[in-house]
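In our numbering, the protein residues as written are 19 to 230.
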Amino acid sequence: MAVFFHSSEAHINFEDGNYQQFPKPETENAATEKNPKPKLKHLSVVLLCCGLLCVLQAILNISLRLALSEPTDKGEAEEEEEEERCPQGWLMFGSSCYYISSQRGSWDSSRQDCVQRDADLVIINSRQEQAFLTGFTMAAWVGMTDREEEGTWTWVDGTPVKRDGLDWAHGQPDDAFGGEDCGDLRTMIDFIGLNDSKCSARLQWICEQTLG
Ligand SMILES: [Ca+2]
Ligand SMILES: [Ca+2]
19 MAVFFHSSEA HINFEDGNYQ QFPKPETENA ATEKNPKPKL KHLSVVLLCC GLLCVLQAIL
79 NISLRLALSE PTDKGEAEEE EEEERCPQGW LMFGSSCYYI SSQRGSWDSS RQDCVQRDAD
139 LVIINSRQEQ AFLTGFTMAA WVGMTDREEE GTWTWVDGTP VKRDGLDWAH GQPDDAFGGE
199 DCGDLRTMID FIGLNDSKCS ARLQWICEQT LG
């Protein structure tokens, strides 16, 4: 007990001595100059520790942020991939998905089926798209009609059908048999291309769903 008390008392005295010696450092010898240096060292160590702690904190923050944001990024990427994928059984071409029915129906019931599939009858925008869709059926409804005005063909989204940009079957549209107002795509040996048919005819159909 006594030894411990004594030593701490001695320590206090030692510290007092230092304070008295501070105002006149230039007259002191090497032994007393050693004392301010450990203090500066202590300060440096403390500052270094603070700096290290700051760096550690920054690293922790960044890694925590990355760890938290990673699942979100993954989730978004998966969602994007999900959007880029067509429903099962649908075909993909460009940024669209196509459903080709195995059943047959009128133009109106076909369109209704497409709408129920979160799609619409196909709108063909290019020869490439037409070529892609050619060959799956002998005859399939597409999303064009001239019901509003005979001879003026429009797509189901209201845009006009560009006659020059697509290939009609030879001699079509002919509005034959007392009126043909619904469009279909033919793939028959001597009858290939777009055609007009009676809207009540029973054909297969092609639905289109755009991606994104
Ligand atoms: Ca017609
Ligand atoms: Ca026709």
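Cβ coordinates follow ideal geometry from the N, Cα and C atoms, glycine included.
Using the C-alpha atoms, what's the distance from residue j back to residue i?
i: Glu114; j: Leu71; result: The amino acid at residue 114 is misidentified as Glu; the sequence shows Ser. Whole-angstrom Cα-Cα distance: 54 Å.
i: Met162; j: Asp202; result: 8 Å
i: Gln222; j: Thr152; result: 13 Å
i: Asp199; j: Ser120; result: 23 Å
i: Arg122; j: Gln227; result: 20 Å
i: Ala76; j: Gly69; result: 11 Å
i: Arg129; j: Gly112; result: 22 Å
i: Phe150; j: Ile210; result: 13 Å
Does DSSP classify residue i as helix, strand or coil?
i: Asp131; result: helix
i: Gln227; result: strand
i: Phe154; result: coil
i: Leu184; result: coil
i: Ser215; result: strand
i: Val73; result: helix
i: Glu167; result: coil
i: Arg145; result: helix
i: Trp173; result: strand
Check whether the Cβ atoms of residue i and residue j sit closer than 7 Å, and answer yes or no.
i: Arg204; j: Ala187; result: yes
i: Cys225; j: Ala137; result: yes
i: Val179; j: Leu139; result: no
i: Tyr117; j: Trp108; result: yes
i: Thr155; j: Asp164; result: no
i: Pro191; j: Asp208; result: no
Based on DSSP bridge pairs, tell me the residues matched to residue i.
i: Gly201; result: Asp214
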